Ligand code: S3P
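Residue numbers (the working numbering): 1359 to 1787.
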């Protein structure tokens, strides 16, 4: 399915967006490892989070979809059972990497597979430290899926993270939970900390230039009821819409305001955006609040983004690039973007060029000069965040924009186009 986007006037929205993708994955996995029944409401309705549920079901975890949410019948740390079929993680890096940590410590073998995109993404970043913990993992020498994981008794490690990745950190914390002893993970760049917030037996030591996260193996998990806050990475698209499309007024309810995720809001504020936060509270392990964004007529300051900030805005960089066509933006130290669902540096640069923007590409980022966008045919590259970023670009470009294979928005945000009303037409050709 392709999407044709026409320029739009004001957006008026007052919505509670679906549950945060990162938090949903973790809530389901941790509930499955808990001893007893957990209830999870506002679980993400995207395909990635469905992949996590499917894998858990294949591993013998009962999950009921009730009117109030998901009821997950946890079986304890080592209560999973062998899956006769390979576990298909679909497009979801979080499913593959976090599940690998859990499966490494079970007492049976598993096979993890994924779709074409996931099967190209680097897995050595989890294979190497899991092997240090004693895990038995067979995969191709290039370190990609499929992986065969031979469940073993794991031992604790002390590990300094070579890449800033919350997926790797979470994989190792989950493996550490199943290992004997105290596992310590040291990170020099802060990454999202949802796993640490939800798991028991964790200690976090913050130093000037690093954070050490320790987990005590064997700590049992109590079942819990939790409501997943709305996804700030999905909200990001509507925040940019509201700022750039005249006469917009958007109210987004109950959004995660976890400080490891709010870099995007801080950056927009530093560019001159007015974003007000109301009803702040802390529930279910996470700070949340409502966001009000009203379109602004003045100009914004240019953006320069690099260094340790990058891991905290990694998923928002494509939409920040689109925002940057108004302000000018330079992004460096972001080579990780090349290892996402697609090579997001290439995708952003080639789509923006197709839309008439002046762009320079670097190995680790891009520079975008303030440009008037023209409608064009652009590729989603099967990547949900690229499709949604360019749908937003289409709203303020001159002429119409066609996004090829736009149905990949289903990965994180199936209802994304519903909010575009008359500005979008979906076509098969
Ligand atoms: C995620 C971590 C990030 C992010 C991804 C979700 C997570 O990936 O890009 O969308 O839920 O832990 P990396 O850990 O590979 O940076």
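All C-beta atoms, glycine included, are put in the ideal place defined by N, C-alpha and C. Here the structure is a predicted model, which is why all the values come from computation and not from measurement.
Asked                                                                                                                    : Found
C-beta atoms of residue 1507 and residue 1468 nearer than 7 Å                                                            : yes
Close-in-space but distant-in-sequence residues of the same chain around residue 1638 (CB under 6 Å, 5 per side omitted) : 1647
Within 7 Å, strictly: CB atoms of residue 1644 and residue 1587                                                          : yes
6 Å CB neighbourhood of residue 1634 in its chain, flanking five on each side removed                                    : 1650
CB contact flag (residue 1453, residue 1410, <7 Å)                                                                       : yes
Selection from 1622, 1669, 1640 that minimises the alpha carbon distance to residue 1632                                 : 1622
Pairwise C-alpha distance: residue 1728 and residue 1689                                                                 : 14 Å
Bridge partners - residue 1585, DSSP secondary structure assignment                                                      : 1399
Element boundaries [beta strand (DSSP E), containing residue 1504]                                                       : Per DSSP, residue 1504 belongs to no beta strand (DSSP E) and is neither H nor E.
Beta bridge counterpart(s) of residue 1544 as assigned by DSSP                                                           : 1518, 1570
Distance cut-off 6 Å: residue 1525 Cβ against heavy atoms of the ligand S3P                                              : yes
contact_flag[the region 1711 to 1725, the region 1489 to 1497] where n(CB pairs < 8 Å) is 3 or more                      : no
Integer Cβ distance of residue 1751 from residue 1758, believed to fall under 8 Å                                        : With 8 Å as the limit, residue 1751 and residue 1758 do not qualify as a contact, their Cβ atoms being about 12 Å apart.
Three CB pairs or more closer than 8 Å across the region 1525 to 1544 and the region 1468 to 1478                        : no
Residue from 1730, 1406, 1667, 1479 with nearest C-alpha to residue 1686                                                 : 1730
Local conformation of residue 1673 per DSSP, three classes                                                               : helix
N-terminal and C-terminal residue of the beta strand (DSSP E) that residue 1561 is part of                               : 1560 to 1564
First and last residue of the uninterrupted alpha helix (DSSP H) at residue 1409                                         : 1405 to 1416
Residue 1691 and residue 1378 closer than 7 Å at C-beta                                                                  : no
In chain order, each beta strand (DSSP E) run of at least 3 residues that lies wholly inside the region 1625 to 1697     : 1633 to 1641, 1644 to 1652, 1661 to 1663, 1687 to 1689
Counted within 10 angstroms of its Cβ, other Cβ atoms place residue 1785 as buried (16 or more) or exposed               : exposed
Residues bridged to residue 1488 (per DSSP)                                                                              : Residue 1488 pairs with nothing; no bridge assigned.
Alpha carbon of residue 1744 to alpha carbon of residue 1602, nearest angstrom                                           : 18 Å
Proximity test, residue 1378 beta-carbon vs the ligand S3P heavy atom, cut-off 6 Å                                       : no
Strand pairing of residue 1468, partner residues [DSSP]                                                                  : 1507
Bounding residues of the alpha helix (DSSP H) (the contiguous stretch that carries residue 1709)                         : 1702 to 1712
Buried or exposed by the 16-neighbour rule on C-beta atoms within 10 Å, applied to residue 1710                          : buried
Distance, residue 1672 Cα to residue 1572 Cα                                                                             : 24 Å
Residue 1584 to residue 1604 span [Cα, whole Å]                                                                          : 37 Å
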